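Numbering (my numbering), first residue to last: 505 to 673.
C-beta: ideal position from N, C-alpha, C; glycine also.
All figures in this text were calculated on a predicted structure; none of them were measured in a lab.
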Amino acid sequence: MNQTSFRHVVVMGVSGSGKTTVGEALSPLVGLEYRDGDDMHPQANIDKMAAGTPLNDADREPWLKQIGQWLADRPEGAMVGCSALKGKYRDLIREYCPAVVFVHVHGDFDVLHERMQHRPGHFMPASLLQSQFDTLEPLEDDETGRVFDVTRPVEEIAQKAAAWIKIGA
């Protein structure tokens, strides 16, 4: 396994930002297992989103706890894709895994809405994107993380994120 300074990483952002694509490209560069947080949603959450209803904090809490526990259960390190839209959501993940850092894949609404229109088979409809932007709280100065522009090529985002993760600063 590659030596990595940051061992626990959340690839965060609104739906359609490319969390899974970036996470899968980044994983081999830093030697960390990647898991898509969408796979950890309870069926009730998936059904709610598929019906066009945004999740509320109560819906998200058990999912975020599961993500935090999944990271904490991997002392060797791991990476997960998770929207982590609010500071309190990131705080909840940190309760389980205090050293987690965030790779925020970010883009403007129109770019991401267009992506979501051409994403077959995903449970999250494009109609919920605005609610995610409304909920999104940028990383605070006291949170360890970096923001990466989704309009850049995936390979470039992954390389830059890997360099930052390996340096650990």
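Between the Cα of residue 674 and the Cα atoms of 531, 665, 586, which residue gives the shortest distance?
-> Any answer about residue 674 is impossible in this case: the structure gives the chain only from 505 up to 673.
Just to confirm, are residue 652 and residue 617 a CB contact at a threshold of 9 Å?
-> No, these two residues do not count as a Cβ contact at 9 Å.
Pull up the distance between the alpha-carbon of residue 597 and that of residue 663, whole angstroms please.
-> Straight-line Cα distance between these residues: approximately 25 Å.
Between residue 555 and residue 538, what straight-line distance do the alpha-carbon atoms span, to the nearest angstrom?
-> Computed Cα separation, rounded: 28 Å.
Where residue 666 and residue 581 are concerned, what is the direct C-alpha to C-alpha distance, given to the nearest angstrom?
-> When the Cα atoms are used, residue 666 and residue 581 turn out to be separated by approximately 14 Å.
What's the gap between the Cα of residue 636 and the Cα of residue 518?
-> Computed Cα separation, rounded: 6 Å.
Can you tell which of 583, 561, 567 has the C-alpha that lies nearest to the C-alpha of residue 669?
-> The shortest Cα separation from residue 669 among 583, 561, 567 belongs to 583.
Determine the direct distance from the alpha carbon of residue 523 to that of residue 552, and round the result to whole angstroms.
-> Computed Cα separation, rounded: 21 Å.
Taking only runs of the beta strand (DSSP E) that begin and end inside the region 597-666, which ones reach a length of at least 3 residues, in chain order?
-> Taking only runs of at least 3 residues, the beta strand (DSSP E) segments lying wholly in the region 597-666 are 605-610, 649-653.
Ordered along the chain, which non-local residues of its own chain (more than five positions away) have a Cβ less than 7 Å from that of residue 541?
-> Close CB contacts of residue 541 within its chain, under the 7 Å cut and outside five residues either way in sequence, are with 571, 584, 585, 586 (chain order).
Whole-angstrom Cβ separation of residue 608 and residue 643, contact assumed at under 8 Å?
-> Their Cβ separation, rounded to whole angstroms, is 6 Å, which keeps residue 608 and residue 643 in contact under 8 Å.
Can you tell me where the alpha helix (DSSP H) with residue 548 in it begins and where it stops?
-> Taken as a continuous stretch (DSSP letters only), the alpha helix (DSSP H) holding residue 548 covers 547-554.
Limits of the beta strand (DSSP E) - the one that residue 514 falls within = Where residue 514 is concerned, the enclosing beta strand (DSSP E) stretches over 512-516.
Whose CA, out of 567, 640, 655, lies closest to the CA of residue 545?
-> The shortest Cα separation from residue 545 among 567, 640, 655 belongs to 567.
Leaving out five residues before and five after residue 600 in sequence, what residues of the same chain have Cβ atoms less than 6 Å from its Cβ?
-> For residue 600, the CB contacts under 6 Å within the same chain, skipping 5 residues up- and downstream, are 572, 573, 576 in chain order.
Using the beta-carbon count (16 or more within 10 Å), is residue 510 buried or exposed?
-> Burial call: buried.
By a C-beta neighbour count over all protein chains shown, 10 Å radius and 16 as the cutoff for buried, is residue 613 buried or exposed?
-> It is exposed - the Cβ of residue 613 has fewer than 16 other Cβ atoms within 10 Å.
Give the single residue among 513, 514, 528, 590 whose Cα lies nearest to the Cα of residue 659.
-> When the alpha-carbon of residue 659 is set against those of 513, 514, 528, 590, the nearest one is in 528.
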